[in-house]
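Residue numbers (our numbering), protein chains in the order written: chain A, 28 to 143; chain B, -4 to 105.
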């Protein structure tokens, strides 16, 4: 089956630093990847849609200059949280859409970010 | 390991019908359960979030119930409309990881 990995699985960083999260489709190519985040006791919410080779599309209320998304290849998308603040502490999860045309999404295991 | 199953895999109903989507999970140690809607080529849209201590949540024509002890959740859609056609996913949050169901593809026929 289609497998999506995320690295790191958890990270602790200091306020003001930047953190990069990787999302990889291991055994298939993904034209489109999605990034989500979940704050404690809240729903998982879509942050942005990332298409290979083009700029990401951000959902309303998500700062594109703060959450930099790069989808440079068909198997890798990265999310960089720049100048992280404690309020950015959250669970970040990516999904990858296969190229078969079925639009099925395959989810990574998630990354838990804690900003101190 | 948590396993999440959704039944049926596909459902086709005439407009106006009430319908129920089912989600079952194998490990009752969950923080919450969420229902999502997925439109082709789009990211997930959160519909309802049920905390582990809750029994149900309602939003408009949608009602979701949770029975942790039996490992089941249902999503009830009242008076279905063609715009409800989409894939519906449930996901269990264990606190460490999300486990997504296989989805139910719903088609509402005008």
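Just so you know, even glycine gets a beta-carbon here, dropped at the ideal spot from N, CA and C.
Query raised in the report: Does DSSP put residue 78 of chain B in a helix, in a strand, or in coil?
Result: Looking up residue 78 of chain B in the second chain gives position 83. Helix, per DSSP.
Query raised in the report: Nearest CA to the CA of residue 49 of chain A: which residue from A/42, A/63, A/69?
Result: Translated into the one-based positions of the first chain, residue 49 of chain A becomes position 22. Out of A/42, A/63, A/69, A/63 has the C-alpha closest to the C-alpha of residue 49 of chain A.
Query - Chain-ordered neighbours of residue 20 of chain B on chain A, where CB pairs are closer than 9 Å - result: Reading the second chain from its first residue, position 25 is the one you call residue 20 of chain B. By Cβ distance, chain A contributes nothing, its closest Cβ being about 15 Å from residue 20 of chain B, past 9 Å.
Report task. Output yes if chain B places a C-beta closer than 8 Å to the C-beta of residue 35 of chain A; else output no. Result -> Translated into positions along the first chain, residue 35 of chain A becomes position 8. For residue 35 of chain A, the answer is no, since every Cβ of chain B falls outside 8 Å of its Cβ.
Query raised in the report: Beta carbon of residue 29 of chain B, beta carbon of residue 88 of chain B: below 8 Å?
Result: As a position in the second chain, residue 29 of chain B is number 34, starting the count at 1. As a position in the second chain, residue 88 of chain B is number 93, starting the count at 1. With contacts defined as CB atoms closer than 8 Å, residue 29 of chain B and residue 88 of chain B qualify as a contacting pair.
Query - Neighbourhood of residue 90 of chain B by C-beta distance below 6 Å, restricted to the same chain and skipping five residues each side - result: Taking the first residue of the second chain as 1, we reach residue 90 of chain B at position 95. Within the same chain, Cβ atoms closer than 6 Å to the Cβ of residue 90 of chain B are found at 26, the five residues on either side in sequence being excluded.
Query - Local Cβ density within 10 Å of residue 66 of chain A, reported as buried at 16 or more and exposed below that - result: Start at 1 with the first residue of the first chain, and residue 66 of chain A comes out as number 39. Exposed, because fewer than 16 other Cβ atoms sit within 10 Å of the Cβ of residue 66 of chain A.
Query raised in the report: For the stretch 83 to 107 of chain A, which segments carrying the beta strand (DSSP E) assignment without a break, of at least 3 residues, lie completely within its bounds, in sequence order?
Result: For the stretch 83 to 107 of chain A, whole beta strand (DSSP E) runs of length 3 or above, ordered along the chain, are 94 to 100.
Report task. Would you check if the distance between the CB atom of residue 33 of chain A and the CB atom of residue 135 of chain A is smaller than 8 Å? Result -> Taking the first chain and counting its residues from 1, one reaches residue 33 of chain A at position 6. Taking the first chain and counting its residues from 1, one reaches residue 135 of chain A at position 108. Yes, Cβ-Cβ distance for residue 33 of chain A and residue 135 of chain A is below 8 Å.
**Report entry** Burial state of residue 74 of chain B (16 or more Cβ within 10 Å)
**Finding:** Residue numbering aside, residue 74 of chain B sits at position 79 when the second chain is read from its first letter. Residue 74 of chain B is exposed by the Cβ-count criterion.
Query raised in the report: Is residue 130 of chain A near residue 35 of chain B, with beta carbons less than 8 Å apart?
Result: On the first chain, residue 130 of chain A is found 103 positions in, with the first residue counted as 1. On the second chain, residue 35 of chain B is found 40 positions in, with the first residue counted as 1. Yes, these two residues count as a Cβ contact at 8 Å.
**Report entry** Nearest-angstrom Cα separation, counted from residue 81 of chain A out to residue 98 of chain A
**Finding:** In the first chain, the residue the question calls residue 98 of chain A occupies position 71. In the first chain, the residue the question calls residue 81 of chain A occupies position 54. For residue 98 of chain A and residue 81 of chain A, the distance between alpha carbons rounds to 7 Å.
Query raised in the report: Around the Cβ of residue 39 of chain A, are there at least 16 other Cβ atoms within 10 angstroms (buried) or fewer (exposed)?
Result: Within the first chain, residue 39 of chain A is the residue found at index 12, counting from 1. Flag for residue 39 of chain A reads exposed.
Query raised in the report: Is the CB-CB distance between residue 47 of chain B and residue 63 of chain B below 8 Å?
Result: Within the second chain, the letter at position 52 stands for residue 47 of chain B. Within the second chain, the letter at position 68 stands for residue 63 of chain B. Contact flag set, yes.
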